[in-house]
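For the sequence shown, the positions run 1 to 172 when full-length UniProt numbering is used. Read through the structure below, which is laid out as structure tokens, and then see the notes.
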Amino acid sequence: MFDDLREIVFQIMSNILLASPDAFSKDRLEEALRIAHLSDFLHKLPQGIKTPIGEKGIKLSGGEKQRLGIARAVYRRPDILFLDEATSHLDIESEQKIQDALHAFFQKVTAIVIAHRLSTIKEMDRILVLEEGRIIEEGDFETLVKMRGRFYALWKRQKFSQGNRQEEISPD
Numbered sequence: 001m002f003d004d005l006r007e008i009v010f011q012i013m014s015n016i017l018l019a020s021p022d023a024f025s026k027d028r029l030e031e032a033l034r035i036a037h038l039s040d041f042l043h044k045l046p047q048g049i050k051t052p053i054g055e056k057g058i059k060l061s062g063g064e065k066q067r068l069g070i071a072r073a074v075y076r077r078p079d080i081l082f083l084d085e086a087t088s089h090l091d092i093e094s095e096q097k098i099q100d101a102l103h104a105f106f107q108k109v110t111a112i113v114i115a116h117r118l119s120t121i122k123e124m125d126r127i128l129v130l131e132e133g134r135i136i137e138e139g140d141f142e143t144l145v146k147m148r149g150r151f152y153a154l155w156k157r158q159k160f161s162q163g164n165r166q167e168e169i170s171p172d
């Protein structure tokens, strides 16, 4: 060990490929960048996908870090994908674009998504509503809204707090 330890500097691409021991795939990388909505961001960087990040590179915002994490997970193609508030630092428009792209990807994997922003889970096949560690409601989005239970109350509160940006599902 040397007394002047040097930081390992990762490029954005290295960071995405980090968790995947498989051989490099350009198609998988492009899919990951598209789903994570990173392509436009990368085009603005001086070195694109080879831009260093971290202490000696560029600093990423919370949303950029989340999109990088999503790209890494998508590139890896796990059998089970856990997403815990994976888009909480994104604006609603960016989140919607990523959710739309992830929906197709979710057809290939089992996704377990933890979210407080309910628009994030609209397209999930099965939603569990937890309260004090217990499942109190379960179903798809439309079913839960029609039940007019706890999920509906949360949805209604979020819908109005976000200025009616989310569409309403008729409970009938």
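Heads up, the beta-carbon is just placed ideally off N, CA and C, and yes, glycines get one too.
CB residue i to CB residue j, shorter than 9 Å?
i, j, result
"Y75", "L38", "no"
"A115", "A71", "no"
"E138", "I127", "yes"
"E95", "S119", "yes"
Residue i lies in the alpha helix (DSSP H); which residues open and close that run?
i, result
"D79", "Per DSSP, D79 belongs to no alpha helix (DSSP H) and is neither H nor E."
"I49", "First-last for I49: undefined, no H or E at that position."
"A32", "K26 to I35"
"R150", "R150 to S161"
"I92", "I92 to F105"
"T143", "F141 to M147"
"L60", "No alpha helix (DSSP H) holds L60; DSSP gives it neither H nor E."
My output table needs one value for residue i: the three-state DSSP class, helix, strand or coil.
i, result
"L17", "helix"
"Q11", "strand"
"T87", "coil"
"L67", "In the sequence under discussion, the amino acid at residue 67 is Arg, which differs from the Leu named in the question. DSSP places R67 in helix when its eight states are reduced to three."
"R134", "strand"
Would you tell me roughly how many angstroms separate the C-alpha atoms of residue i and residue j, rounded to the nearest one?
i, j, result
"I136", "K26", "44 Å"
"H103", "P46", "31 Å"
"G54", "E123", "34 Å"
"A36", "A101", "8 Å"
"R165", "N15", "Confidence at R165 is low in this model, with a pLDDT of 48, below 50, so its placement is unreliable and no value can be given for it."
Measure the beta-carbon distance from residue i to residue j and round it to whole angstroms, keeping in mind my assumption that it falls under 8 Å.
i, j, result
"L81", "V109", "5 Å"
"I12", "L68", "7 Å"
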